[in-house]
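Chains as they are written, first to last, in the numbering used here: chain R, 1396 to 1594; chain S, 1396 to 1594.
Protein chains: 2
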Amino acid sequence: MLEFAILGLLQQSPMHGYELRKELAAVLGGLRSISYGSLYPALKRLQAAGLIASDDPTPRSLLPADAPALTGRRGKVVYAITAEGKERFADLVSQTGPEAYDDEGRFGVHLAFFRHTAADVRLRILEGRRRTVERQRDRLMDSLRRTQEKLDRYTLELQRHGLDSVDREVRWLTELIDSERDDAARAEQTPTPPNDGTT
Amino acid sequence: MLEFAILGLLQQSPMHGYELRKELAAVLGGLRSISYGSLYPALKRLQAAGLIASDDPTPRSLLPADAPALTGRRGKVVYAITAEGKERFADLVSQTGPEAYDDEGRFGVHLAFFRHTAADVRLRILEGRRRTVERQRDRLMDSLRRTQEKLDRYTLELQRHGLDSVDREVRWLTELIDSERDDAARAEQTPTPPNDGTT
DNA sequence: GGATCGATGTATCGGCACGATACATCCGGT
DNA sequence: ACCGGATGTATCGTGCCGATACATCGATCC
Chain R
1396 MLEFAILGLL
1406 QQSPMHGYEL
1416 RKELAAVLGG
1426 LRSISYGSLY
1436 PALKRLQAAG
1446 LIASDDPTPR
1456 SLLPADAPAL
1466 TGRRGKVVYA
1476 ITAEGKERFA
1486 DLVSQTGPEA
1496 YDDEGRFGVH
1506 LAFFRHTAAD
1516 VRLRILEGRR
1526 RTVERQRDRL
1536 MDSLRRTQEK
1546 LDRYTLELQR
1556 HGLDSVDREV
1566 RWLTELIDSE
1576 RDDAARAEQT
1586 PTPPNDGTT
Chain S
1396 MLEFAILGLL
1406 QQSPMHGYEL
1416 RKELAAVLGG
1426 LRSISYGSLY
1436 PALKRLQAAG
1446 LIASDDPTPR
1456 SLLPADAPAL
1466 TGRRGKVVYA
1476 ITAEGKERFA
1486 DLVSQTGPEA
1496 YDDEGRFGVH
1506 LAFFRHTAAD
1516 VRLRILEGRR
1526 RTVERQRDRL
1536 MDSLRRTQEK
1546 LDRYTLELQR
1556 HGLDSVDREV
1566 RWLTELIDSE
1576 RDDAARAEQT
1586 PTPPNDGTT
């Protein structure tokens, strides 16, 4: 998930870790920030896989030869996406299977980079997500209906709130889907259809 | 977090892993189930710490001596809470600091076991949680206000939805807090004050 | 002028939870 | 007689987290 997000951000311009973290927090919505304990290992993995490349300016050359041994003295490390990385991102961005929407975090990242995603793929991801969340809602309603007299007030309240959240998410997704369909319908009427420019 | 939850469930009666998983899923609200990959290690940790004890019936004695080597042949393992475990649970249940409400999962577990929690502790946890979520909401509103013209429709929508969720959670918590305060006020008027049974 | 504090910046460590997987038992339906 | 699904225990690799350490730089304070 993190790797997807990093590739997406580097799509725009090279960055170093600190910036990536902030951008990611901004894009993912303030909540759900990312920790360095996952960020730096992820960068290493990506670099090892050849999907990103680091440009390490290493200002060490400025130091006199009697610099304090080899302790510390880090330079900023700027990461840029490679051609392979772009390929990989294109693959990830066009996924329509459960791996795109089953996990909340992954879905969030997909949504965050929807401007890089084809319209039909967008629709399928949104619909997939809605089905997933609907199933969650139904399971929750079921379990609530069956067990509600055995639960105390607090547990009940917790589940009621959870159910409400899930329900709202379904409605939110439905709005997005409808709006997406409207766009598609409108696009079909205009003289600029997606891929058939002969008229 | 898991350890807290396990101790809480075993408070009622001994169980084996499978049951714990189901109970936990039921209590935590269907979403947020727990995986065996975390459950069994957690049980081991708890046992190593002496907080729970396993009663392993090992029905191996019924087997003839020529049983198929030592492959497989597991018995049900029933776990029960120990005296130390009860102490530990009592400690956990009376926590009022950030560790009780900063993390969503931990807060959920605390709430799930509120019937074991003193009224004043309940109130402090709920208020703490509300402050945490309010801060999240404010940060999110801030970031949204500052960056909204630089975000595309989808990222914006994602954050709007997130903000709405957080906002609803604050209101939900406020309801719980109010109701909790009502209870406290009512309790103060009745002839059954909490710990002063002399009149 | 120097001290100090917060933002910027890179990096590691232990711990915890996850999904996938394997394996075994038992029971009900076909 | 068989077979699938619920029950049940357990491990493995992976990924993310919080805490922590360390270093630089500008601004503000005394």
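For glycine and all other residues, C-beta sits at the position ideal for the given N, C-alpha and C. The structure presented is a predicted model; accordingly, all values stated were derived computationally and were not measured.
Short CB-CB distance (under 8 Å) between residue i and chain R
{"i": "S/R1510", "result": "yes"}
{"i": "S/G1557", "result": "yes"}
{"i": "S/Q1554", "result": "yes"}
{"i": "S/G1503", "result": "yes"}
{"i": "S/S1433", "result": "no"}
{"i": "S/L1405", "result": "no"}
{"i": "S/L1415", "result": "no"}
{"i": "S/L1487", "result": "no"}
Partner residues on chain R for residue i, Cβ-Cβ distance less than 8 Å
{"i": "S/A1421", "result": "S1538 and T1542"}
{"i": "S/A1582", "result": "The contacting residues do not exist; S/A1582 stays about 15 Å from chain R at best."}
{"i": "S/S1449", "result": "The contacting residues do not exist; S/S1449 stays about 27 Å from chain R at best."}
7 Å Cβ cut-off: residues of chain S touching residue i
{"i": "R/T1550", "result": "V1422 and A1507"}
{"i": "R/L1571", "result": "E1552"}
For residue i, the residue or residues it bridges with in DSSP
{"i": "S/M1410", "result": "S/Y1474"}
{"i": "R/I1661", "result": "Since the first residue shown for chain R is 1396 and the last is 1594, residue 1661 of chain R is missing from the structure and cannot be characterised."}
Chain S within 8 Å of residue i, Cβ atoms only
{"i": "R/L1397", "result": "no"}
{"i": "R/L1535", "result": "yes"}
{"i": "R/S1430", "result": "no"}
{"i": "R/S1560", "result": "yes"}
{"i": "R/P1454", "result": "With a pLDDT of 46 at R/P1454, under the threshold of 50, the predicted position of this residue should be treated as unreliable, and no value is reported."}
Three-state secondary structure assigned by DSSP to residue i
{"i": "S/G1403", "result": "helix"}
{"i": "R/G1557", "result": "helix"}
{"i": "S/Q1442", "result": "helix"}
{"i": "R/I1429", "result": "coil"}
{"i": "R/M1536", "result": "helix"}
{"i": "R/D1486", "result": "helix"}
{"i": "S/G1424", "result": "coil"}
{"i": "S/D1562", "result": "helix"}
{"i": "S/T1569", "result": "helix"}
{"i": "R/T1491", "result": "coil"}
{"i": "R/A1513", "result": "coil"}
{"i": "S/F1508", "result": "coil"}
{"i": "S/Y1549", "result": "helix"}
{"i": "R/Y1496", "result": "coil"}
Reference residue i, options the options, closest by Cα
{"i": "R/T1491", "options": "R/A1507, R/R1563, R/L1521 and R/Q1442", "result": "R/L1521"}
{"i": "S/D1515", "options": "S/I1401, S/P1409 and S/E1583", "result": "S/E1583"}
{"i": "R/H1505", "options": "R/R1532, R/L1423, R/V1472 and R/L1546", "result": "R/L1423"}
{"i": "S/R1576", "options": "S/L1518, S/S1489 and S/R1483", "result": "S/L1518"}
{"i": "S/A1485", "options": "S/R1525, S/M1536 and S/F1399", "result": "S/F1399"}
{"i": "S/A1513", "options": "S/E1544, S/R1566, S/L1487 and S/T1542", "result": "S/L1487"}
{"i": "R/A1478", "options": "R/F1502, R/L1441 and R/K1471", "result": "R/L1441"}
{"i": "R/M1410", "options": "R/S1449, R/R1501 and R/G1432", "result": "R/S1449"}
{"i": "R/V1473", "options": "R/P1493, R/R1525 and R/L1405", "result": "R/L1405"}
{"i": "S/L1595", "options": "S/E1482, S/Y1413 and S/P1436", "result": "Summary: the structure shown does not reach residue 1595 of chain S, with chain S confined to residues 1396 through 1594, and so no result is reported for it."}
{"i": "R/R1532", "options": "R/P1493, R/G1412 and R/R1563", "result": "R/R1563"}
{"i": "R/Q1407", "options": "R/R1501, R/G1480 and R/R1581", "result": "R/G1480"}
{"i": "S/Y1549", "options": "R/F1502, R/K1545 and R/K1417", "result": "R/F1502"}
{"i": "R/R1524", "options": "R/A1580, R/P1493, R/H1511 and R/R1541", "result": "R/P1493"}
{"i": "S/E1529", "options": "S/Y1496, S/K1439 and S/H1511", "result": "S/Y1496"}
{"i": "S/D1498", "options": "S/T1527, S/I1476, S/A1507 and S/G1432", "result": "S/T1527"}
{"i": "S/G1445", "options": "S/A1475, S/G1432 and S/S1428", "result": "S/A1475"}
Interface partners of residue i on chain R, CB under 7 Å
{"i": "S/D1547", "result": "R1510"}
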